[in-house]
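Trainee: One structure, pasted below without further comment.
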Amino acid sequence: MLLTNWKNLAAALCLLAGLLAVITPAPALAFDTAADDELLLLVNGIHRIDRAYQPDDLVDTAKKAPSKKSRMLLREPAAAAYTDMIAAYQAENKRPLYSLSAFRTYAYQSRLFSGKVASRQRAGQNYLTAYRNTLQYTALPGTSEHQTGLAIDMTTNGALSDSFRDTTQGKWLLENCWDFGFILRYDEAKTDLTAIAYEPWHYRYVGLPHSLIIRDNDWVLEEYIAALQEQGMLEYADPQDTGSVWRIYWTDDTAQEFADVQSVSSDNTGGYIITTKVSLIDSLLNEWSLAALTADSLLVMPV
Ligand SMILES: [Zn+2]
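First residue of the sequence shown: 342, per my numbering; consecutive thereafter.
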């Protein structure tokens, strides 16, 4: 009897040791702003991007996926995800799908904008009307996320049109882009938030799991960043990885400490988005207090 009790106690102690090993959190460290991958930059009319901003990891996707241009530059993580996405599209579809525009410099954006205003003026609009109409579809220099190398415009035929939404290609992208880390940036129902007209052709890379969180909450990027700022942290259970939970933080305090950091991105609003991943057991155990784990509850657990 005594021996059995000893065995039970030994087993319980082993279990306790194992459990404590599992729930001992990784050491928290102040995050490294030098590791900023800038994949979650919010760029819009309010949160502008510097004239000199140019990413240093641009990759030409024109040779890897059909394009209407001879060069089609995206930042390296976006380019890798984009070519995977197009390969997946081609595996299921025969209809042609091309890229039309990706990275643009500030100077190009500037020429593009003034060129569109001028062509509207030539068509008979006065300057103010031409300017306002251009602003609906074409970002002012410094407010275009094409300058980040994370955005790409897609086409079936070389034109950009609302009817892209109704094509096989447009429908496929809208359904599947999220799984590859892309989002539809300018949603038809959210033009009051984005201040840009619906653009069914414009896709933006934010990376996983952020694209899935944005999809599942029916957010645009403005809403995602606002939610993070308001709540400070949100959790996302990854359906592809049931043993882990993503925990995404927002902070503007670079001395704040975080554990299990996967990536860090500035958001262009003055803060950082810290992407961490914790084991499911850590996530669940944090919900309970450790005090609830009494010796009694341990001993009744199967050993
Ligand atoms: Zn675009």
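For each residue, glycine too, the CB sits at the ideal point set by N, CA and C.
The structure displayed is predicted, hence computed values, not measured ones.
Going straight from the alpha carbon of residue 419 to that of residue 606, what length do you get?
Mentor: Taking the straight line from one Cα to the other gives about 14 Å.
Trainee: Could you tell me whether the stretch 405-413 touches the stretch 469-485, where touching means 3 or more Cβ pairs closer than 8 Å?
Mentor: Taking 8 Å as the limit for Cβ pairs, the verdict is that the stretch 469-485 does not touch the stretch 405-413.
Trainee: Where in the stretch 499-532 do unbroken runs of the beta strand (DSSP E), each at least 3 residues long, occur, reported from the N-terminal end onward?
Mentor: Entirely contained in the stretch 499-532, the beta strand (DSSP E) runs reaching 3 residues are, in chain order, 523-525.
Trainee: Give, in chain order, every unbroken run of the beta strand (DSSP E) that is at least 3 residues long and sits entirely within the stretch 359-411.
Mentor: For the stretch 359-411, whole beta strand (DSSP E) runs of length 3 or above, ordered along the chain, are 399-401.
Trainee: Counting C-beta neighbours from all protein chains within 10 Å, is the total for residue 427 16 or more, i.e. buried, or is it exposed?
Mentor: By the 10 Å Cβ count, residue 427 comes out buried.
Trainee: With ligand 1 as the reference, list in chain order each residue whose Cβ lies under 5 Å from any of its heavy atoms.
Mentor: The set, ordered by position in the chain, is 494, 543.
Trainee: Below 8 Å CB to CB, which residues in the same chain sit around residue 528 once its five sequence neighbours on both sides are set aside?
Mentor: Counting only Cβ-Cβ distances below 8 Å, and skipping sequence neighbours, we find 535, 539, 561.
Trainee: Rounded to whole angstroms, what's the CA-CA distance from residue 603 to residue 615? Just pull it up for me.
Mentor: Distance between the alpha carbons of residue 603 and residue 615 is about 8 Å.
Trainee: On the DSSP letters alone, give me the boundaries of the beta strand (DSSP E) that residue 571 sits inside.
Mentor: Per DSSP, residue 571 belongs to no beta strand (DSSP E); it is in the alpha helix (DSSP H), 562-572.
Trainee: Could you compute how far the alpha carbon of residue 624 sits from the alpha carbon of residue 421?
Mentor: If you take the alpha carbons of residue 624 and residue 421, they lie about 31 Å apart.
Trainee: According to the neighbour-count rule (16 or more other Cβ atoms, all chains shown, within 10 Å of its Cβ), is residue 571 buried or exposed?
Mentor: Per the 10 Å Cβ criterion, exposed.
Trainee: Would you be able to state if there are at least three C-beta pairs under 8 Å between the stretch 375-391 and the stretch 503-514?
Mentor: As far as the Cβ criterion goes, the stretch 503-514 does not touch the stretch 375-391, which means the pair count is below three.
Trainee: If contacts are defined as beta-carbon pairs under 8 Å, then residue 550 and residue 587 qualify, I think. What distance do you get, rounded to the angstrom?
Mentor: Right, the Cβ-Cβ distance comes to about 5 Å (below 8 Å), so this counts as a contact.
Trainee: Once the 5 residues before and after residue 424 are set aside, which same chain residues still bring their CB inside 7 Å of it?
Mentor: Within the same chain, residue 424 has close Cβ partners 402, 405, 406.
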